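Report on the structure given below.
Structure (structure tokens):
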């Protein structure tokens with residue numbers, strides 16, 4: 001199904017081609033990711049899967065051993081300074097200067113970036129409930145995360161790269177952050193890449209999703225198309241009958257006369273195939289992104305080990 | 307060459323280290339006052355204190371500005387700004403050198419004033435004074451560059467140990483060059499070839515250390 | 531223009547289906563009239579805090595069903611087909627009735643009993659309406 005823009009010459013906010021980085025105990029292997037301009041990409045992976053490394057390669061903070069990286073058209077890491085004028089980066093392990101106030105940080109960022117929108121910054125202060133004259137030292141975790149986000153949001157960069165922007169936030173703060181992120185999308189040429197453990201958030205606001213596991217990309221595509229491929233089939237199987245191996249089915253769990261088959265390339269024919277072999281299809285269910293992620297990871301790890 | 311951002315980073319470092327800078331200046335001024343107005347003992351103490359202050363500052367500055375940036379995890383914030391690793395190093399070096407040079411120049415100027423107005427110390431001492439004063443500056447340069455490249459407290463400590471324990475040895479070596487010390491009693495400063503060579507070598511060493519630092523910084527592939 | 535659509539987190543169906551259903555409901559109820567402009571894809575995405583691509587999909591499918599019309603550069607509006615609202619109400623009723631028939635068949639309830647049950651339900655609703663007045 002072609003839902004995308006009709007313009008074939010759309011620019012990409014992010015292009016990673018064959019990116020490889022070797023560490024002693026971990027390798028980022030042949031990463032290929034593309035994020036078209038004006039879209040949001042949700043980046044999901046277990047801890048240690050390579051999310052943070054990939055993001056650092058994107059920003060030119062880590063130099064890849066092989067492969068090409070282009071961000072907003074700039075080659076990285078060579079053109080990182082030019083790129084960073086238009087990128088807003090917040091990572092979970094990033095800290096601000098504890099002894100200084102929020103105001104000081106805002107003035108500091110404002111002195112560097114001409115795109116700083118003072119009115120929007122004031123609005124964000126209110127929305128996020130941050131006191132400008134308070135020292136960062138006295139902020140709670142949630143307030144620190146929101147402060148760092150305010151500093152990048154207020155200068156309206158073309159690309160936001162956020163490493164776990166909602167991790168550790170209470171539900172209200174999370175909602176505040178998501179709201180601002182979706183507001184960014186009101187402008188057509190702004191893009192966001194964010195990594196998160198919160199698969200529900202990713203499912204809700206992402207246009208593209210990317211799964212990473214053990215240094216490899218195991219899926220990277222448009223969210224709706226991807227969600228459409230996955231189904232869970234609840235089957236009633238007569239005792240003694242062996243379920244057939246069908247193409248498009250990657251896992252089957254069987255408990256007596258009930259079985260659950262997981263498909264990553266669903267077409268209605270699969271349900272028909274089961275029915276024609278004697279198994280009754282009780283239900284064909286959609287899967288949440290989290291369920292898909294777990295199933296995908298398990299499947300890809302099996303494939304690697306085989 | 308991205309001077310605006312580099313300038314902002316320097317101002318940021320000065321603002322963050324206001325306390326350290328003030329203390330350094332205060333100690334320096336206090337020591338100088340002792341040297342100028344105090345008794346014989348006070349004068350000696352003052353000079354020693356001043357040197358100690360410079361040496362301590364030489365280690366403290368890299369610690370508070372470079373190490374802390376990594377430890378307190380503010381480095382990611384800074385590197386998210388439009389600045390490269392080399393530009394970051396340049397900004398860092400300029401800001402902490404400036405912080406160090408203020409009391410350092412103060413030392414030299416005031417020592418010269420003391421010599422001039424005190425009329426007890428012969429002017430022949432001046433070249434030796436300058437040569438010796440370059441040592442804490444060289445030490446500071448080595449320590450801060452090692453910290454910048456080594457990115458760790460270990461590098462800072464190792465470099466500090468090596469430098470701070472080497473001053474005496476270098477003094478000893480220099481004092482063994484007769485052409486350097488032979489004119490200290492003279493009423494006028496004597497700039498003979500030995501003096502000029504040593505001074506120029508010291509300055510050249512500074513330049514080489516800075517160049518090597520920037521080169522090594524540019525070759526880093528895992529900055530954060 | 532506020533969209534007045536609300537998504538439910540507990541609804542297990544895909545978001546684009548929820549959006550489509552709510553838009554059809556608005557039209558069926560007459561809140562959104564035939565030919566009336568509706569929020570742009572991007573605007574709705576921002577209002578609902580969902581991805582643009584999800585809204586695009588909903589609008590695409592709605593357009594295929596002839597319920598809305600999107601003109602490049604001019605935004606989207608409810609299709610100007612006369613009687614669209616009534617048609618959608620018809621569709622909804624038909625869906626509910628078919629669903630009831632399906633469940634009854636699964637439960638093994640014969641058709642005449644189903645008719646009785648429908649009549650009972652109708653009576654109950656009429657009672658409730660009287661009480662409200």
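Chains as they are written, first to last, in our numbering: chain A, 1 to 306; chain B, 307 to 530; chain C, 531 to 663.
By construction, the Cβ of each residue, glycine as well, lies at the ideal position given by its N, Cα and C atoms.
Owing to the predicted nature of the structure, the values given are computational and were not obtained by experimental measurement.
Counting along the chain, residue 87 of chain A sits inside the beta strand (DSSP E) bounded by residues 87-91.
Going by DSSP, residue 656 of chain C is part of the alpha helix (DSSP H) stretching over 641-662. Using a Cβ-Cβ cut-off of 7 Å, residue 583 of chain C is close to 3, 207, 222, 223, 224 of chain A, given in chain order.
CA-CA distance, residue 13 of chain A to residue 164 of chain A, rounds to 19 Å. Within the stretch 323-395 of chain B, the alpha helix (DSSP H) runs of at least 4 residues that lie entirely inside it are, in chain order, 324-343, 346-368, 374-377, 381-385.
By the CB criterion at 8 Å, residue 564 of chain C and residue 606 of chain C fall outside the cutoff. The beta carbon of residue 360 of chain B lies closer than 7 Å to those of 409, 410, 413, 442 in the same chain, with the five residues before and after it left out. Residue 567 of chain C sits in a strand when the DSSP states are folded into three classes. Under the 10 Å beta carbon count, residue 86 of chain A is surrounded by 16 or more other beta carbons and is classified as buried. Distance from the CA atom of residue 105 of chain A to the CA atom of residue 122 of chain A, rounded to whole angstroms, is 13 Å. For the 8 Å CB-CB criterion, residue 519 of chain B and residue 455 of chain B form a contact. Assignment of beta-bridge partners to residue 223 of chain A by DSSP yields no partner. Rounded to whole angstroms, the gap between the alpha carbons of residue 75 of chain A and residue 65 of chain A is 14 Å.
With contact defined as three or more Cβ pairs closer than 8 Å, the stretch 618-629 of chain C and the stretch 566-581 of chain C are not in contact.
Closest in C-alpha terms to residue 183 of chain A, from the list C/642, C/574, C/596, C/613, comes C/574. Here the C-alpha atom of residue 473 of chain B lies approximately 16 Å from the C-alpha atom of residue 505 of chain B. The continuous alpha helix (DSSP H) containing residue 143 of chain A extends over residues 141-153. Counting only residues of its own chain and dropping the five nearest sequence neighbours on each side, residue 376 of chain B has a CB closer than 7 Å to the CB of 457.
Chain-ordered listing is empty here: chain A has no CB closer than 8 Å to the CB of residue 647 of chain C, the nearest sitting near 25 Å.
Per the coordinates, the alpha-carbon of residue 270 of chain A lies some 7 Å from the alpha-carbon of residue 246 of chain A. Going by beta carbons, residue 196 of chain A and residue 166 of chain A fall inside the 8 Å limit. In the displayed model, residue 183 of chain A falls within a helix according to three-state DSSP. Excluding the 5 residues flanking it on each side, residue 235 of chain A has same chain C-beta neighbours closer than 8 Å at 243, 258, 259, 260, 261, 274, 279, 280, 281, 282, in chain order. Contacts with chain A at 8 Å (Cβ-Cβ) do not include residue 309 of chain B. In its chain, beyond the 5 residues on either side, 597, 618 have a beta carbon closer than 7 Å to the beta carbon of residue 554 of chain C. Distance check between residue 251 of chain A and each of A/208, A/291, A/110 places A/291 closest, using alpha-carbon atoms only. According to the DSSP assignment, residue 289 of chain A belongs to the alpha helix (DSSP H) that extends over 289-305. Taking 8 Å as the threshold, the shortest C-beta distance from residue 282 of chain A to chain C does not fall below it. Shortest Cα-Cα distance from residue 186 of chain A to any of A/52, A/37, A/170, A/288 involves A/37. Taking C-beta atoms under 8 Å as the contact rule, residue 483 of chain B and residue 465 of chain B fail to qualify, at a distance of about 26 Å. For residue 640 of chain C, no chain A residue has a C-beta closer than 8 Å to its own C-beta; the minimum C-beta separation is roughly 23 Å. Boundaries of the beta strand (DSSP E) around residue 12 of chain A: 12-22. In the three-state DSSP reduction, residue 188 of chain A falls in the coil class, being neither helix nor strand. Beta-bridge pairing by DSSP links residue 212 of chain A to A/45, A/217.
A residue is called buried once 16 or more other Cβ atoms fall within 10 Å of its Cβ, and residue 514 of chain B, having fewer, is exposed.
In terms of CA proximity to residue 93 of chain A, A/56 leads the group A/158, A/56, A/43, A/33.
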